[in-house]
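Down below is the structure, laid out as structure tokens.
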Amino acid sequence: AQSVTQPDIHITVSEGASLELRCNYSYGATPYLFWYVQSPGQGLQLLLKYFSGDTLVQGIKGFEAEFKRSQSSFNLRKPSVHWSDAAEYFCAVGEYGNKLVFGAGTILRVKS
Amino acid sequence: EAQVTQNPRYLITVTGKKLTVTCSQNMNHEYMSWYRQDPGLGLRQIYYSMNVEVTDKGDVPEGYKVSRKEKRNFPLILESPSPNQTSLYFCASRTAANTGELFFGEGSRLTVL
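First to last, the sequence lines map onto chains A and B. Just so we're aligned, residue 1 is where the first sequence starts under the numbering used here, counting upward by one. Just so we're aligned, residue 1001 is where the second sequence starts under the numbering used here, counting upward by one.
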């Protein structure tokens, strides 16, 4: 069975600094990979997704992620963090069929 | 506006008192799913439905029931709630393609005393 690991439970960055959130997955075939963001009191919103092709994908709100097959990783990046980016971020792996497995999440705090 | 609507958003109940959390989507999506979110565990799938009258268990189905009589509705039923079902619940929907974006409701926070 596939699994998703987000090694960092909490991350704090200063406003304007760059951000990288880590995601490692375990899956036998080429995975479908997603990043979702959850603002306080809200549901989850899709930031970006990867299915095939270019391994660097662009998403909403200035986020990007890079799929690295050799490292089984799909890290999320943003060059300059804004205070409004404070939220919880979830990496997810789509299994063939209909299952989506989520990581435990990373809570991002932004210092002003 | 495209949305997934859950009700109630907040509920406190007592052990053994049957309850239903409703979920409705207005996007004509075939696929619907229920997740529970617990600290440190992320989101875990409870049940999902590929289409009307088709439902299947996710990772943590014990203590829950679902039904899909209409395409737009996918209620979650707790026949006899227990304290370990205290959690934040999310309903989500998408098109049939499993590469599609999941659209989430705003969540229902359930407390079972």
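The beta-carbon is built from N, C-alpha and C at its ideal position, and this holds for glycine as well.
Quick one: which residues of the stretch 30 to 46 of chain A get their C-beta closer than 7 Å to a C-beta of chain B? List them in chain order. Tyr32, Gln42, Gly43, Leu44 and Leu46
Identify whether Arg117 of chain A lies in helix, strand or coil by the three-state DSSP scheme. Shown here, chain A extends from 1 to 112; a query on residue 117 of chain A therefore has no answer.
Under three-state DSSP, which class holds Ile60 of chain A? Locating residue 60 of chain A in the first sequence gives position 60, counting from the first residue. It is helical.
Under the three-state reduction of DSSP, which class applies to Ser84 of chain A: helix, strand or coil? Counting from 1 along the first sequence, the entry for residue 84 of chain A is found at position 84. Helix, per DSSP.
What residues from the stretch 1061 to 1091 of chain B come within 7 Å of chain A, judged by C-beta to C-beta, listed N to C? For the stretch 1061 to 1091 of chain B, the set of positions with a beta-carbon nearer than 7 Å to some beta-carbon of chain A reads Phe1090 in chain order.
Ends of the beta strand (DSSP E) at Thr5 of chain A? Counted from its first residue, the first sequence places residue 5 of chain A at position 5. Thr5 of chain A -> beta strand (DSSP E) spans Ser3 to Thr5.
Note down the Cα distance separating Thr1086 of chain B from Gly105 of chain A, rounded to an integer number of angstroms. Counting from one through the second sequence, the residue named residue 1086 of chain B turns up at place 86. Counting from one through the first sequence, the residue named residue 105 of chain A turns up at place 105. Distance between the alpha carbons of Thr1086 of chain B and Gly105 of chain A is about 19 Å.
Tell me, which residues are paired with Phe90 of chain A by DSSP? Indexing the first sequence from 1 puts residue 90 of chain A at position 90. A:Tyr36, per the DSSP bridge assignment.
Under 8 Å between C-beta atoms of Val81 of chain A and Ser3 of chain A: Indexing the first sequence from 1 puts residue 81 of chain A at position 81. Indexing the first sequence from 1 puts residue 3 of chain A at position 3. Not closer than 8 Å, so no.
Does Leu21 of chain A come within less than 8 Å of chain B when only Cβ atoms are used? The residue labelled residue 21 of chain A in the question sits at position 21 within the first sequence. Not a single CB atom of chain B sits nearer than 8 Å to the CB of Leu21 of chain A.
Anything in chain B within Cβ reach of Ala104 of chain A, meaning under 7 Å, just list it in chain order. Sequence index remark: in the first sequence, residue 104 of chain A carries index 104 (1-based). Per Cβ cutoff of 7 Å: Gly1040, Leu1041 and Gly1042.
For Val1014 of chain B, is the beta carbon positioned less than 7 Å from some heavy atom of the ligand ADP? Absence of the ligand ADP is noted for the structure shown, with no ligands found whatsoever.
Where Leu1110 of chain B meets chain A, residues with beta-carbon distance less than 8 Å: Here residue 1110 of chain B refers to the residue found at position 110 when the second sequence is read from its first residue. Chain A residues near Leu1110 of chain B: none, gap ~15 Å exceeds 8 Å.
Check the Cβ-Cβ distances between Lys61 of chain A and every residue of chain B, and say whether any is below 8 Å. For the purposes of this step, residue 61 of chain A is taken as the residue at position 61 of the first sequence. So no, Lys61 of chain A is outside the interface.
Alpha carbon to alpha carbon, how far is Asn1098 of chain B from Gly1040 of chain B? Give it in angstroms, no decimals. In the second sequence, counting from the first residue as 1, residue 1040 of chain B sits at position 40. In the second sequence, counting from the first residue as 1, residue 1098 of chain B sits at position 98. Answer to the nearest angstrom: the Cα atoms are 26 Å apart.
By the criterion of Cβ-Cβ separation under 9 Å, what are the contact partners of Gly94 of chain A in chain B? The residue labelled residue 94 of chain A in the question sits at position 94 within the first sequence. Listed along chain B are Asn1098 and Thr1099, each with a C-beta nearer than 9 Å to that of Gly94 of chain A.
Continuous beta strand (DSSP E) stretch holding Thr1020 of chain B: start and end: Counting from one through the second sequence, the residue named residue 1020 of chain B turns up at place 20. Looking at the DSSP string, the run of the beta strand (DSSP E) that includes Thr1020 of chain B is Leu1019 to Gln1025.
Our contact map puts Ser1093 of chain B next to Gln1025 of chain B with C-beta atoms below 8 Å; I'd like the distance itself, whole angstroms only. As a working mapping, residue 1093 of chain B is identified with position 93 in the second sequence. As a working mapping, residue 1025 of chain B is identified with position 25 in the second sequence. Between Gln1025 of chain B and Ser1093 of chain B the Cβ distance is about 4 Å, and since that is below 8 Å, they are a contact.
Cβ of Pro1075 of chain B within 8 Å of Cβ of Val1021 of chain B? Counting from 1 along the second sequence, the entry for residue 1075 of chain B is found at position 75. Counting from 1 along the second sequence, the entry for residue 1021 of chain B is found at position 21. Result yes, Cβ atoms of Pro1075 of chain B and Val1021 of chain B sit closer than 8 Å.
Can you give the beta carbon distance from Thr1015 of chain B to Pro1081 of chain B, rounded, assuming they're within the 8 Å contact cut? Walking along the second sequence from the start, residue 1015 of chain B turns up at place 15. Walking along the second sequence from the start, residue 1081 of chain B turns up at place 81. Yes, they are in contact, since the Cβ atoms of Thr1015 of chain B and Pro1081 of chain B sit about 6 Å apart, within 8 Å.
Boundaries (first-last residue) of the beta strand (DSSP E) holding Glu20 of chain A: As a first step, residue 20 of chain A must be located in the first sequence, where it is residue number 20. Leu19 to Leu21 is the extent of the beta strand (DSSP E) around Glu20 of chain A.
Is there a C-beta anywhere in chain B that falls below 8 Å from the one on Leu76 of chain A? The count along the first sequence starts at 1 and reaches residue 76 of chain A at position 76. Closer than 8 Å: no.
Under 9 Å by beta carbon: chain A residues contacting Leu1102 of chain B: For the purposes of this step, residue 1102 of chain B is taken as the residue at position 102 of the second sequence. Within 9 Å Cβ-Cβ: Phe34, Tyr36, Leu44, Leu46, Ala92 and Leu100.
Cα separation between Ser73 of chain A and Leu56 of chain A? Taking the first sequence and counting its residues from 1, the one referred to as residue 73 of chain A is at position 73. Taking the first sequence and counting its residues from 1, the one referred to as residue 56 of chain A is at position 56. Each residue's alpha carbon lies about 12 Å from the other.
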